[in-house]
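Novice: After the structure tokens below, expect a handful of questions from me.
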Amino acid sequence: MSEQSSEALRQIAVSAGLAPMGVRPPLGQYLRDLWSRRAFLWELSSSKAYARNRNSYLGQAWSVLTPLLSAAVYIIIFGIVLNTTRGVENAIGFILVGTFMFRFFEHAVSGGGKAIRGNTSLVRAVRFPRAVLPISVVLSELVTLGPALVVMLVVTYLSGLGEFPKFAYVPVSWRWLLLPLAIMLLAFFNVGCAFIMARWVARAPDIQNLIGFVMRFVMYASGVIFSIDHYFKDHPGVGWVLQRQPVAVYLELTRACVLHEPTIPLTWQTWAWGVGWAALFAIGGFLYFWRGEERYGRD
Amino acid sequence: MTDAELDFEVDPEDLEGWAPATREIGGPSLVVDHLDITYRVFGGKKLGTSDESSGRRLQRVVGRRSGHVGAVQQVRAVRDVTFVAHHGESIGIVGINGSGKSTLLRAVAGLIPPTKGSVYVAGEPSLLGVNAVLMGDLTGERNIMIGGLALGLSRSEVQQRMDDIVEFAGIGDFVYLPMKAYSSGMGARLRFAISTAATPDILMIDEALATGDASFREKSKARIDEIRQGAGTVFLVSHSLATVQAICSRVLWLHQGRLVMDGPTEEVCASYKEFVQSLRKSRSLAKKK
């Protein structure tokens, strides 16, 4: 309508003390905004975790039963029938910890992909730093993981009491206290993955369809249901690389905390790898996500 | 795209005593500079635009043929819109369905990033939509908390207003039930109550007046009026010209994403009415043929 030039309009805006909208906020301010919305973040995450299992008779019990049942499938097929866990003293504990931790990672990645795309109406209705969404995905997974972990520890301990040769005794150890720390590192790594996936899928929704396949592949490459070094004895190079990739590192770390496997010692090197991957992904993922901030919600 | 485009869902007599704000017009509170919004829409079908021009129809036919693989459509919802709003103004946005009114409002509220051009704004604008963050599996109580926090209130502020919100929405003990158990009216009323819980600098109202039954409409009008008194600038998107005329001192008319007219309410509303009537006439003529 009015034929004012952009420059003239900018002058009007600046002299009236108006700030530009829909542009990416500087990093410092973005972090402050994010911090000021922490109550929203927590409420969103805990509500999502709670809402997940509302539509069934057993309700919240499913947040423990589902991972337990899927672990049972793997234990029966891979641990007992196919016997892929050679070189492992307690196959139940090994597979149980593996599937529970991998599940956490898998859900963080697929949930992260949906973080922006699946919440378009929320993104277009209310203003807040969009980083809240991928973080809340991981946080709500973490909330559901809590009770599941207790069950995981109990079942692992019980599995060793039967004195079967394949399911050796797993003592209750002080190292169990380190498990929350290991899971925290995994959570930071997961947040980084969720950030990256959120931006990718927001840009190209097709990627969401590929996540399932990639996850299968990562699962077999990370030793969720078998021990990597046992299978790659003849190819130590490949084994070394596979064992240093983040998912395998976190599986090893959590197993070393929970289990009593001579082949999985708790070493400071594993901790160092865990801290390194967590820091790299959390910071890198956050920066990557932030750089797309001004685009979320438009497409 | 029926005749409901111009539904007067608010009776003019309901609006007695509602005069357009006569407050002094202050300095600029919002500058929109050559704003363009382009959506990417996935999938072969084109949704959300109501262009009836033959060119678009052709595009739609072509799109249908090739729209199964790699179908990405660009929808230009807002094109080259420029205006300056001032403190103390209440501005109505009118236009037929799909003319880009809601998109413009969302862009101005900072919810949809501009494709081209820019928006300058004072303070934090708030969009009063009826599609706030609501999760059907959760109780009304939890939804009020999430919605309030999303709007930037603190936990204790939401708790303070909890009773007010529940009372305003008139849902009683249903607040302890999951929202999927609500009637659609209850859900809409709760959404409205949540989104009016915070009083912003720039208030944008998107069709919120159409929510609920007559008595709720009256209550919601009172609430909007209350917010209007406190807010610097009010934007109102409505299909109801009666509402726009009652509340707004200035009107923007959008058509196919372009700003057709920008001026005092009487002037713009008169031309818009004329346009809609001629559109209706030409359509009924086309039907007869």
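The listed protein sequences correspond, in order, to chains Z and C.
Residue 262 in UniProt numbering sits at position 262 of the first sequence, with consecutive numbering throughout.
Residue 78 in UniProt numbering sits at position 78 of the second sequence, with consecutive numbering throughout.
All C-beta atoms, glycine included, are put in the ideal place defined by N, C-alpha and C.
1. DSSP three-state call for Z/PHE232: helix, strand or coil?
2. Taking Cβ positions only, does Z/ALA19 come closer than 9 Å to chain C?
3. Would you say Z/PHE40 faces chain C, with C-beta separation under 9 Å as the test?
4. Should the stretch 69 to 83 of chain C be called in touch with the stretch 225 to 243 of chain C, which here means at least 3 C-beta pairs below 8 Å?
5. Suppose you measure from the CA of Z/SER222 to the CA of C/PHE42; what does that come to, to the nearest Å?
6. How many Å lie between C/ASP213 and Z/SER56 at the Cα?
7. So with CB distances below 7 Å, who are the chain Z contacts of C/SER118?
8. Between the stretch 87 to 105 of chain C and the stretch 239 to 259 of chain C, do three or more beta carbon pairs fall short of 8 Å?
9. Output needed for C/ARG161: all residues of its chain with C-beta closer than 6 Å, excluding positions within five of it in sequence on either side, in chain order.
10. Closest by CA to Z/ALA168, which one among Z/LEU153, Z/VAL88 and Z/PHE105?
11. Output needed for C/LEU47: all residues of its chain with C-beta closer than 7 Å, excluding positions within five of it in sequence on either side, in chain order.
12. Tell me whether Z/ALA61 sits in a helix, a strand or coil according to DSSP, three-state version.
13. Within a Cβ cutoff of 7 Å, which residues of the same chain sit near C/ALA107, ignoring the five residues on either side of it in sequence?
14. For C/ILE93, which of helix, strand or coil comes out of DSSP?
15. Just grab the DSSP bridge partners of Z/PRO265 for me.
16. What is the residue span of the beta strand (DSSP E) that Z/PRO134 lies within?
17. By alpha-carbon positions, which one of Z/GLU163, Z/MET184, Z/TYR157 and Z/PRO165 ends up nearest to Z/PRO171?
18. Under 8 Å, CB to CB, which of the residues in the stretch 185 to 212 of chain Z have a partner in chain C?
19. If you draw a straight line from the C-alpha of C/GLY27 to the C-alpha of C/HIS87, how long is it?
20. Below 9 Å between beta carbons: does that hold for Z/ARG54 and C/LEU138?
21. Buried or exposed: where does Z/ASN83 fall if 16 or more other Cβ atoms within 10 Å of its Cβ makes it buried?
22. Quick one: what does DSSP say C/LEU177 is sitting in, helix, strand or coil?
23. Just the Cα atoms here: how many angstroms apart are Z/GLY239 and Z/ALA71?
24. With C-beta atoms as the reference, is Z/GLY276 less than 9 Å away from Z/ALA194?
25. Hey, is Z/LYS48's beta-carbon within less than 9 Å of any beta-carbon in chain C?
26. Determine, using beta carbons only, whether Z/ILE116 comes closer than 9 Å to chain C.
27. What does Z/ILE12 reach in chain C if we use C-beta pairs closer than 7 Å?
28. Determine, using beta carbons only, whether Z/SER56 comes closer than 9 Å to chain C.
29. Is there a Cβ from chain C that is less than 9 Å from the Cβ of Z/VAL123?
Specialist: Reading it off the structure:
1. In the first sequence, counting from the first residue as 1, residue 232 of chain Z sits at position 232. In the structure shown, Z/PHE232 sits in coil (DSSP, three-state: anything other than H, G, I, E or B).
2. Reading the first sequence from its first residue, position 19 is the one you call residue 19 of chain Z. Nearest CB-CB separation between Z/ALA19 and chain C: below the 9 Å threshold.
3. By one-based count along the first sequence, residue 40 of chain Z stands at place 40. By this cut-off, Z/PHE40 is an interface position.
4. Remark: fewer than three beta-carbon pairs, one from each stretch, lie closer than 8 Å, so the stretch 69 to 83 of chain C and the stretch 225 to 243 of chain C are not flagged as touching.
5. On the first sequence, residue 222 of chain Z is found 222 positions in, with the first residue counted as 1. On the second sequence, residue 42 of chain C is found 42 positions in, with the first residue counted as 1. Roughly 35 Å between the two C-alpha positions.
6. Numbered from its first residue, the second sequence carries residue 213 of chain C at position 213. Numbered from its first residue, the first sequence carries residue 56 of chain Z at position 56. Going by C-alpha positions, C/ASP213 is about 34 Å away from Z/SER56.
7. Within the second sequence, the letter at position 118 stands for residue 118 of chain C. Contact annotation for C/SER118 against chain Z: PRO20 [CB-CB distance below 7 Å, chain order].
8. Segments in contact, yes.
9. For the purposes of this step, residue 161 of chain C is identified with residue 161 of the second sequence, where counting begins at 1. Hits under 6 Å: ALA197.
10. Residue mapping note: residue 168 of chain Z aligns to position 168 of the first sequence, counting from 1. Checked all of Z/LEU153, Z/VAL88 and Z/PHE105; the closest Cα to Z/ALA168 is Z/VAL88.
11. For the purposes of this step, residue 47 of chain C is identified with residue 47 of the second sequence, where counting begins at 1. Its pLDDT being 45, under 50, C/LEU47 is placed unreliably by the model, and the measurement read from it follows with that caveat. Same-chain partners within the cutoff: VAL41.
12. Numbered from its first residue, the first sequence carries residue 61 of chain Z at position 61. The three-state reading of DSSP puts Z/ALA61 in helix, counting H, G and I together.
13. The sequence position of residue 107 of chain C within the second sequence is 107, counting from 1. The answer, listed in chain order, is LEU35, ILE37, VAL78, PRO114 and VAL119.
14. Sequence index remark: in the second sequence, residue 93 of chain C carries index 93 (1-based). In this structure, C/ILE93 counts as strand in the three-state DSSP scheme.
15. On the first sequence, residue 265 of chain Z is found 265 positions in, with the first residue counted as 1. Per DSSP, Z/PRO265 has no beta bridge partner at all.
16. Your numbering for residue 134 of chain Z matches position 134 in the first sequence. Unbroken run through Z/PRO134 is the alpha helix (DSSP H), 132 to 159; no beta strand (DSSP E).
17. In the first sequence, residue 171 of chain Z corresponds to position 171, counting from 1. Checking every option, the nearest Cα to that of Z/PRO171 belongs to Z/TYR157.
18. For the stretch 185 to 212 of chain Z, residues whose beta-carbon sits nearer than 8 Å to a beta-carbon of chain C comprise PRO205.
19. Within the second sequence, numbered from 1, the residue matching residue 27 of chain C stands at position 27. Within the second sequence, numbered from 1, the residue matching residue 87 of chain C stands at position 87. Spanning the two alpha carbons is a distance of roughly 6 Å.
20. Along the first sequence, one-based indexing puts residue 54 of chain Z at 54. Along the second sequence, one-based indexing puts residue 138 of chain C at 138. C/LEU138 is positioned such that its CB atom lies closer than 9 Å to that of Z/ARG54.
21. Working through the first sequence from its first residue, we reach residue 83 of chain Z at position 83. With fewer than 16 Cβ atoms within 10 Å of its Cβ, Z/ASN83 is classed as exposed.
22. The residue labelled residue 177 of chain C in the question sits at position 177 within the second sequence. Coil, per DSSP.
23. Within the first sequence, numbered from 1, the residue matching residue 239 of chain Z stands at position 239. Within the first sequence, numbered from 1, the residue matching residue 71 of chain Z stands at position 71. Straight-line spacing of the CA atoms in Z/GLY239 and Z/ALA71 works out to 24 Å.
24. As a position in the first sequence, residue 276 of chain Z is number 276, starting the count at 1. As a position in the first sequence, residue 194 of chain Z is number 194, starting the count at 1. No, the pair does not count as a contact, with Cβ atoms beyond the cut-off.
25. What you label residue 48 of chain Z is simply residue 48 of the first sequence in a count that begins at 1. At least one chain C Cβ lies under 9 Å of Z/LYS48.
26. Numbered from its first residue, the first sequence carries residue 116 of chain Z at position 116. No, its Cβ sits nowhere closer than 9 Å to a Cβ of chain C.
27. Position 12 of the first sequence, counted from the start, is the residue given in the question as residue 12 of chain Z. Close partners of Z/ILE12 in chain C (Cβ separation under 7 Å): PRO28, VAL31 and VAL84.
28. For the purposes of this step, residue 56 of chain Z is taken as the residue at position 56 of the first sequence. Not one chain C Cβ lies under 9 Å of Z/SER56.
29. Position 123 of the first sequence, counting from 1, holds the residue named residue 123 of chain Z. Under the Cβ criterion of 9 Å, Z/VAL123 is counted among the residues facing chain C.
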